[in-house]
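Below: the structure, in structure tokens.
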Amino acid sequence: MIEQSTLNPKSTTLDKVEKPNPNQKSNEWWRSAVIYQVYPRSFMDSNGDGIGDLKGITQKLDYIASLGVDAVWVSPFFKSPMKDFGYDISDYCAIEPIFGTMEDFKCLLKKADELGLKVLIDQVWNHTSNEHPWFLESRSSHDNPKADWYIWADAKPDGTPPNNWLSTFGGSAWTWDSQREQYYLHNFLAEQPDLNWYNPEVRQAILDVAKFWLDLGVDGFRLDVVNFFTHDRQLRDNPPRPKNMKRPAGADPYDPFFSQLNKYNFCQPETLEFLKPIRELMDQYPGTMTLAEISSAEDTIITSSEYVKGEKRLHTAYNSVLMHDEPLSYERVREMIEQVETHFQEGVICWTGGTHDFPRLKSRWLKFLIDDKFTHAIFDHLFIALQLSLRGSCCIYQGDELGLTQATIPFEKMQDPFGLAGYPSIVGRDGSRTPLPWLKDAPNAGFTAAAEPWLPIAEEHRDQAIDQQDHEAMSLLNKYRRLIHWRKQQPALLKGNLTLLDTDEPLVGFTRQCEEQNLLCLFNLSPLPVHFDLSPYPNCLRADESDFINRRYNGVVEVPGYGVYFGNYSTE
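Residue numbering for the sequence shown follows the numbering used here, starting at 3 and increasing by one per position.
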């Protein structure tokens, strides 16, 4: 008998009525949520100034809802001098005018609620803008009420910084302030001074900010660089990185920040103690959640698991384990799954393949594949199927569902301070932040009516425009839609445990099991077909996902190159 999957070419979503996500009705919807990240500057411009805004997001929320995702994470839109495009906040409770007004944000919340979408907003609690009133007061003297709200230190006797810590944006992490006559710490830009989380007044002020937005109706927060909240209070020097020591996942091989072993400037144990009041506040708003970004940690999986361990810490965390510039190999995937299943027994990981901070996932892996459009397409399908099948939640960065590649930005058009500081050795972030292409043949691909958008639109992105993929059944966009909708109907993927199988290379396999369903998941990480014996899985039948083509000969299934097999089986 030969069993082969079929596709209804006229259908881009499942024909059957969706069953509700069993976690969605509960307050723990976040355990299996699919989250879509919006970078506001590049999503949709509603007023023709070349910069995306809140009204633009609201206008296009139907598109996000069509993907079948549970929530939308909106990157910063708060009042800011825009030295780091919104991650340098000068007022946590005000809207930056280029993005709109508070009324615009309330309209976004209302429309999202009507569409059944949760809304998460970015909260940047590690640092503020140097134009924030808190910092202006703190720098004014040594004895003002906010003198200890930031991290100040005297110079060494020779006038140099207190220690050798480096900024992630290059150079020293310390800047001299001539008004206060001390150095202040900034792990990022000099215009982003670090808050002093050891000060209880600072922690309370942050909780007040969180309460402001929770009272407004947001469903949760994505917390920027959570593991940077505290530092070594003795200000000890970081040791040099041993020559043979591997850099953290996602770290640029030429980035001087990782020339040190970053032992004292972040990832301090005190941070974990400060998470409890945050979780207690969130618990007062049932159904809300926190998504922690864990950045630059030496062991990103173990570190991120610490931040979500138990009910007194955060809800979910994402890291850079899938954003490493390495092939998605059999060994790497198995090791990644084993680590997560070992360390995330209590907490929930958010599997994330791309964000606004990393090169486009499509470009990271193209160089490891045969230069063939068909191969690229089926690998894209394999990746999203894998991401959606792993235990936990997941996040999709805008444009990855279209298969956008990393755009090349001429130096004179670059905006990213990280990219400008590291040019030409370091790949900046502009190439993953270019505007979404909505219409292939429209000026500026339908993103803006302005003569020129804030970043140029890559010409090669026009063929991947949303209007081109929307009605093409086999487009990557519609593959994402079908898989996300299908995932919602699989109890095992929403709440089942995961057991990694002892499969031979290059086939990675695991089962997802719960009371209602046993699901076999197979992923061929090579361009050649492989075969798998289904006899240990009684009555195994191909699951009703309609796209992946597999031939079956009696008890053996053939998984094609970069193919996927999902099968339901019984344990009786």
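All C-beta atoms, glycine included, are put in the ideal place defined by N, C-alpha and C.
By how many angstroms is the C-alpha of residue j removed from the C-alpha of residue i?
| i | j | result |
| --- | --- | --- |
| Ser13 | Gln466 | Legend: pLDDT at Ser13 = 39, less than 50; position of this residue unreliable, value from coordinates given subsequently. Cα-Cα distance, rounded: 19 Å. |
| Ala114 | Ile59 | 10 Å |
| Thr61 | Val561 | Position check: residue 61 holds Gln in this sequence, whereas Thr was assumed. One C-alpha to the other measures close to 41 Å. |
| Thr377 | Tyr482 | 17 Å |
| Leu9 | Asp546 | The pLDDT assigned to Leu9 is 35, lower than 50, so where the model puts this residue is not dependable; a value taken from the coordinates is nonetheless given after this. Those two C-alpha atoms are separated by around 10 Å. |
| Tyr41 | Met325 | 18 Å |
| Asn526 | Cys516 | 24 Å |
| Lys85 | Ala192 | 10 Å |
| Leu530 | Leu274 | 46 Å |
| Pro22 | Ser395 | For Pro22, the predicted structure reports a pLDDT of 49, less than 50, and the residue's modelled location is therefore unreliable. A value from the coordinates is still provided. Going by the C-alpha atoms only, they are around 16 Å apart. |
| Lys278 | Arg315 | 5 Å |
| Gly50 | Thr450 | 6 Å |
| Pro11 | Leu63 | Legend: pLDDT at Pro11 = 33, less than 50; position of this residue unreliable, value from coordinates given subsequently. About 26 Å. |
| Ile304 | Lys265 | 15 Å |
| Pro164 | Phe385 | 45 Å |
| Thr15 | Ile411 | Note on Thr15: pLDDT 39, under 50, position unreliable in the model; the coordinate value appears next. The alpha-carbon atoms of Thr15 and Ile411 are separated by roughly 35 Å. |
| Cys397 | Leu216 | 22 Å |
| Tyr94 | Phe107 | 14 Å |
| Ser528 | Trp367 | 13 Å |
| Tyr309 | Pro540 | 39 Å |
| Ala379 | Leu478 | 7 Å |
| Leu404 | Asp382 | 10 Å |
| His473 | Asp373 | 26 Å |
| Asp549 | Leu392 | 19 Å |
| Ser7 | Asn552 | For Ser7, the pLDDT reaches just 36, beneath the cut-off of 50, and the residue's location in the model is therefore unreliable, leaving the point undetermined. |
| Thr354 | Ser140 | 37 Å |
| Lys213 | Leu122 | 14 Å |
| Glu328 | Glu337 | 14 Å |
| Asn132 | Asn198 | 14 Å |
| Ser331 | Leu371 | 11 Å |
| Lys18 | Lys490 | Low local confidence applies: a pLDDT of 38 at Lys18 is under 50, so the model's placement there is unreliable, and no value is given. |
| Tyr571 | Gln347 | 25 Å |
Name the residue from the options whose alpha carbon lies nearest to the alpha carbon of residue i.
| i | options | result |
| --- | --- | --- |
| Glu116 | Lys158, Arg483, Asp72 and Tyr539 | Asp72 |
| Trp167 | Asn189, Val350 and Leu384 | Asn189 |
| Ala1 | Phe534, Arg484 and Cys542 | Residue coverage of the chain in this structure runs from 3 to 574, which leaves residue 1 outside it and unanswerable. |
| Trp136 | Pro195, Asp373, Asp156 and Ile97 | Pro195 |
| Ala578 | Thr177, Ser169 and Gly173 | The question about residue 578 has no answer, for the chain in this structure spans 3 to 574. |
| Arg464 | Trp456, Ala452 and Thr436 | Thr436 |
| Ala494 | Asp55, Pro455, Tyr332 and Leu521 | Leu521 |
| Ala387 | Ser92, Gly252, Trp75 and Phe512 | Phe512 |
| Ser28 | Asp327, Leu404, Gly289 and Trp353 | Gly289 |
| Arg33 | Asp549, Leu457, Thr292 and Glu462 | Thr292 |
| Ser297 | Tyr539, Val74 and Thr170 | Thr170 |
| Leu119 | Val36, Ile468, Glu462 and Ser82 | Val36 |
| Leu69 | Pro419, Ala96 and Gln400 | Gln400 |
| Pro419 | Thr501, Ser306, Gly173 and Leu371 | Gly173 |
| Val335 | Gln184, Tyr38, Ile53 and Asp504 | Asp504 |
| Lys364 | Glu414, Ser44, Pro99 and Ser434 | Ser434 |
| Asp432 | Arg362, Asn480 and Asn246 | Arg362 |
| Pro538 | Gly563, Thr573, Met104 and Asp506 | Thr573 |
| Ser427 | Met476, Leu209, Asp257 and His358 | Asp257 |
Measure how close the beta-carbons of residue i and residue j come, nearest whole angstrom, since I'm counting them as under 8 Å.
| i | j | result |
| --- | --- | --- |
| Trp154 | Tyr186 | 6 Å |
| Leu438 | Gly430 | Incorrect: roughly 19 Å between the Cβ atoms, too far for contact. |
| Gly557 | Asp535 | 6 Å |
| Asn240 | Asn267 | 6 Å |
| Phe259 | Phe231 | Not really, about 18 Å apart at Cβ, beyond 8 Å. |
| Asp226 | Asn128 | 6 Å |
| Leu56 | Phe80 | Incorrect: roughly 11 Å between the Cβ atoms, too far for contact. |
| Gly448 | Leu457 | So it is not a contact: roughly 15 Å between Cβ atoms. |
| Gly252 | Ser307 | So it is not a contact: roughly 17 Å between Cβ atoms. |
Tell me, please, which residues DSSP counts as bridged to residue i.
| i | result |
| --- | --- |
| Thr501 | Thr513 |
| Ala73 | Ile37 and Lys120 |
| Tyr564 | The partner list for Tyr564 (beta bridge, DSSP) is empty, contrary to what the question assumes. |
| Gln125 | Leu225 |
| Phe80 | Ile97 |
| His383 | Answer by DSSP bridge pairing: none, since His383 is not bridged. |
| Asn198 | In the DSSP output, where bridge partners are listed per residue, Asn198 has none listed. |
| Thr177 | Tyr186 |
| Tyr555 | Val558 |
| Arg544 | Gly569 |
| Phe45 | DSSP lists no partner for Phe45. |
| Phe534 | Val559 |
| Thr354 | Cys397 |
| Phe525 | Val510 and Val566 |
Tell me whether residue i, by its Cβ, gets closer than 7 Å to a heavy atom of the ligand PLP.
| i | result |
| --- | --- |
| Ser142 | This structure lacks the ligand PLP; in fact it carries no ligand of any kind. |
Continuous beta strand (DSSP E) assignments of at least 3 residues falling wholly in the stretch 392–417: 395–399
Those runs of the alpha helix (DSSP H) which lie wholly inside the stretch 260–347 and span at least 4 residues: 272–275, 277–285, 302–308 and 332–345
Whole beta strand (DSSP E) elements within the stretch 210–241, 3-residue minimum: 222–225
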